[in-house]
Amino acid sequence: MKGTNYIANSLAASLVLTGLWSLNVNAQPSGSWMEQTLGRYEGQIWAAGDLLPATTEFREAEDGSLEGSYTMNELGEMVPGTLSQCEAVQVRVMHCVWNDVYGTGNLEVTFSEDFSSFNGYWGEENSKPEFPWNGSR
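With the numbering used here as the guide, the letters of the sequence shown map in order to residues 240 to 376.
Written out as C-alpha cells, the structure reads:
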C-alpha cells in the first residue's frame, strides 16, 4: 500500500508539473515579443487626405521601455515625429502616443506573426484611432 501511494503521488505531481510547464511555455510575456518589434519599417501614414510614404522605427529607451520615431514625406518635405509610452495591449498589439508638428494622439498597431510588418491606426488626442499607419521591414 505504501508503494501504491508513492506511485500515485509521484504520478499526480508529474502531471501537475507537466501541466504547469506547458502553461509556462505557451505564455508569452509582453517583453519577449515587444523586443521583436525593434527596428525600422517602411510604410505609409494617412495624413492630409492621402497615404504618405513613411518610415517608422521602434527602439528600446534607456530605461528599458519602448519608444520610437517616424518621418512622413509630405510633398517632398520630411516631417519628423516621436512615439512614446509604447505599451503592450495584448500579444502583438501595441499602443503608443505620437507627437509631431501637427499635434499629439494615439497609435495602435498590430504586428504580423513574424514581426515583419504592422498595420495600425492613429487618431488625435482623445479620439479613437481610425487613420491607417502601416509598415514592413
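Quick reminder that beta carbons are idealized off the backbone N, C-alpha and C, glycines included. Model, not experiment: these values are computed from the prediction.
- Looking at the DSSP output, Met317 shares a beta bridge with Asn312.
- The three-state reading of DSSP puts Glu274 in helix, counting H, G and I together.
- Secondary structure at Ala287: coil, using DSSP grouped into helix, strand and coil.
- Annotation for Ser356: the continuous beta strand (DSSP E) segment containing it runs Ser356 to Glu363.
- Counting only residues of its own chain and dropping the five nearest sequence neighbours on each side, Gly362 has a CB closer than 7 Å to the CB of Gly344, Asn345, Pro368, Glu369 and Phe370.
- Between Ser375 and Tyr309, the gap from beta carbon to beta carbon reaches 8 Å or more.
- Minimum Cα-Cα distance from Ala286 among the listed residues Val332, Glu326, Met311 and Gly315 corresponds to Met311.
- It is roughly 12 Å from the alpha-carbon of Phe297 to the alpha-carbon of Gln324.
- Boundaries of the beta strand (DSSP E) around Gly344: Gly342 to Phe350.
- Exposure of Val328 is indicated by the presence of fewer than 16 other C-beta atoms within 10 angstroms of its C-beta.
- DSSP places Pro368 outside any beta strand (DSSP E), giving it a letter other than H or E.
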